[in-house]
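Notes to accompany the following structure.
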Amino acid sequence: MLHTSRKLLLHSILLLAVLCFTSLQYTGCTKTKNNSGSVPEPDEHTKQQKFSVQLIPGEQSIIYFDNAKPLEQAFTLTAPEPKEFLPYPIQKRPALFIAMNASTLLLLVNRVGFVQLSLQQTKNASTILHFDTSITVENVPINTYTAGATWQIHEHQYLLLYKDHILDSNWLQTTVYDFYGDTVSAVELPAFPGNSSYSPYWVFPTDKNIWLIQYRFAKDDRSYTAFAQWNRTFNKISELAKSSFEKLLIPVGFDKAPEPVQAIGRIINIPVLLEYRKADGSILYINNNNIDDAVLGIAGTNDFGTYVLLEDGRYWLLPGSPEWQTQQRSTNLTEPIQGQFSVPLEDVHFKSALLLRTLFLTSWEENGIPDTGRSGITVMLIPEQ
497 MLHTSRKLLL
507 HSILLLAVLC
517 FTSLQYTGCT
527 KTKNNSGSVP
537 EPDEHTKQQK
547 FSVQLIPGEQ
557 SIIYFDNAKP
567 LEQAFTLTAP
577 EPKEFLPYPI
587 QKRPALFIAM
597 NASTLLLLVN
607 RVGFVQLSLQ
617 QTKNASTILH
627 FDTSITVENV
637 PINTYTAGAT
647 WQIHEHQYLL
657 LYKDHILDSN
667 WLQTTVYDFY
677 GDTVSAVELP
687 AFPGNSSYSP
697 YWVFPTDKNI
707 WLIQYRFAKD
717 DRSYTAFAQW
727 NRTFNKISEL
737 AKSSFEKLLI
747 PVGFDKAPEP
757 VQAIGRIINI
767 PVLLEYRKAD
777 GSILYINNNN
787 IDDAVLGIAG
797 TNDFGTYVLL
807 EDGRYWLLPG
817 SPEWQTQQRS
827 TNLTEPIQGQ
837 FSVPLEDVHF
847 KSALLLRTLF
857 LTSWEENGIP
867 DTGRSGITVM
877 LIPEQ
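My numbering puts the first residue of the sequence shown at 497, with every later residue one more than the last.
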């Protein structure tokens, strides 16, 4: 997700000094530590006791998160009382989604835990979203780290957890976890070549087998940054100059973006700056106009379609696999679904999203840069086209 600090970062052509972000990938020759865990299944009795909401095609459902309550009781359709604004790295808030299959996902609540969500089709053809149960994923320290980003290649889903070097009280090395089937393994990020004082801070996949890594080193209240490129196929780490690193992440126009998101870009008539996750999990920044006036947003393509979500809630969807989308566009049969999510609070920013076969989910939070207050998710059952 693009916080305002990332906008300042990208306005200076990705100086990459203050990263605080939000979408999972392929291991290839990735080394994994032995501290693997598994994702447990909730039992049927537990499922029946949990929060659920009936969905109507094309209509948004606003679900609030009350961070004063235990996780199992925290989701509600009624706005909770105003909450103390806290720095976003430590605020308890719905942060990221991890798709498990076409109808099941994990919602990561920052500094709290995971909740499994699932879709159910009832006998009367209605659709219900169940918040099945909270889940503890062994050896994934979400209580002490900040939810950073997710990305996916094939069946591998990746989760990045980090400590903000400015807003956190104690800084620790960033960690990445690989969710594959019902197992979870820690990815061993390589040490910075030539100087072990630097530790991984952020990861930018630019290809399914190439990760750019930003490293940090703090001393005497000063922070130092270094950059490298990790070829995961050959497990080779190469130092990069700052200028080379930035060049690899400079935003492109929609005309240089993959075809699925181009179709949406053609009908967006405002300047935007997007963090786009391609179908292979790699990252691309897209800007279609003056970067200083751009509205921040995120975008992504997966097996279920392509979406664009701006931080003010405007969205565009193209359901269907990238291959299906290409076929439909060649016959001019499909136009993007578009609309705008809204939450009846004073200043809300939409931060992360997940597109499934029949469902579009977003996370949102009250904005008080760099602090956040109340938070929650919006859910929309995608109407048939």
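For each residue, glycine too, the CB sits at the ideal point set by N, CA and C. Quick caveat: nothing in here was measured; it's all calculated off a predicted structure.
Beta-carbon gap between residue i and residue j smaller than 9 Å
i, j, result
"S599", "L792", "no"
"F730", "A722", "no"
"T646", "P585", "no"
"L877", "G554", "yes"
"T632", "G609", "yes"
"V757", "T802", "yes"
"N635", "V699", "no"
"S871", "L592", "no"
"Q725", "S739", "no"
"E771", "A753", "no"
"T797", "Q556", "no"
"A595", "Q653", "yes"
"F688", "Y673", "no"
"F561", "P576", "yes"
"E819", "H845", "no"
"L604", "S548", "no"
"I649", "D799", "no"
"V611", "F675", "no"
CA nearest to the CA of residue i, picked from the options
i, options, result
"L567", "E651, E577, N606, P756", "N606"
"I709", "E684, W820, I594", "E684"
"V768", "K619, P553, R728, G809", "G809"
"N785", "D776, Q669, I764, H652", "I764"
"L602", "V875, Q616, F627", "F627"
"Q617", "Y676, E577, Q648, Q550", "Q550"
"G864", "F571, Y673, G749, F581", "F581"
"F837", "S859, T830, G816", "S859"
"D664", "E880, I873, P866", "P866"
"N597", "Y697, L615, P696, D562", "L615"
"T670", "L657, A682, H661, R762", "L657"
"V748", "I787, Y781, R728, E755", "Y781"
"D660", "I624, P583, Y560", "P583"
"I552", "Q569, P576, T623, A575", "T623"
"Y811", "P818, I833, S817, D799", "I833"
"V773", "L744, I787, V804", "The amino acid at residue 773 is misidentified as Val; the sequence shows Arg. Answer by Cα proximity: V804."
"F750", "G761, D789, T574", "G761"
"R728", "I746, E861, N705", "N705"
"D913", "P686, S693, T868", "Residue 913 lies beyond the residue range present for the chain, which begins at 497 and ends at 881; the question has no answer from this structure."
"W707", "L744, L852, D789", "L744"
"P686", "K732, R718, I662, D717", "K732"
"G895", "L851, I638, K546", "Outside the displayed span of the chain (497 to 881) sits residue 895, for which this structure offers no information."
"T830", "I746, A790, A759", "A759"
"R718", "I662, I746, K546, L613", "I662"
Residue i burial status per 10 Å Cβ neighbour count (16 or more: buried)
i, result
"N691", "exposed"
"Y476", "Summary: the structure shown does not reach residue 476, with the chain confined to residues 497 through 881, and so no result is reported for it."
"A621", "exposed"
"V839", "buried"
"L655", "buried"
"A737", "exposed"
"N666", "exposed"
"G644", "buried"
"L857", "buried"
"R589", "buried"
"L814", "buried"
"E880", "exposed"
"L573", "exposed"
"P696", "buried"
"S630", "buried"
"Q569", "exposed"
"G677", "exposed"
"S693", "exposed"
"I766", "exposed"
"I779", "buried"
"I901", "The chain is shown from 497 up to 881; residue 901 falls before or after that span and cannot be answered."
Residues bridged to residue i (per DSSP)
i, result
"P583", "D867"
"L855", "L877"
"R762", "BP columns for R762 are empty, so no partner."
"R712", "S695, T721"
"F547", "Answer is none; F547 lacks a bridge partner."
"S630", "V611"
"G793", "L770, L806"
"G872", "Y560, W860"
"I552", "Beta-bridge pairing links I552 to no other residue."
CB contact below 9 Å: residue i versus chain B
i, result
"V844", "This model lacks chain B altogether, as it is built from one protein chain only."
What are the complete beta strand (DSSP E) segments, minimum 3 residues, inside the stretch 633-710? 642-649, 652-658, 671-676, 679-683, 695-703
Minimum length 4: unbroken alpha helix (DSSP H) runs contained in the stretch 732-791: 738-743, 755-761
Output the residue ranges of the alpha helix (DSSP H) runs that lie fully inside the stretch 558-619 and measure 4 residues or longer, sorted by chain position. none
Contained alpha helix (DSSP H) runs [length at least 4] in the stretch 796-852, N- to C-terminal order: 818-826
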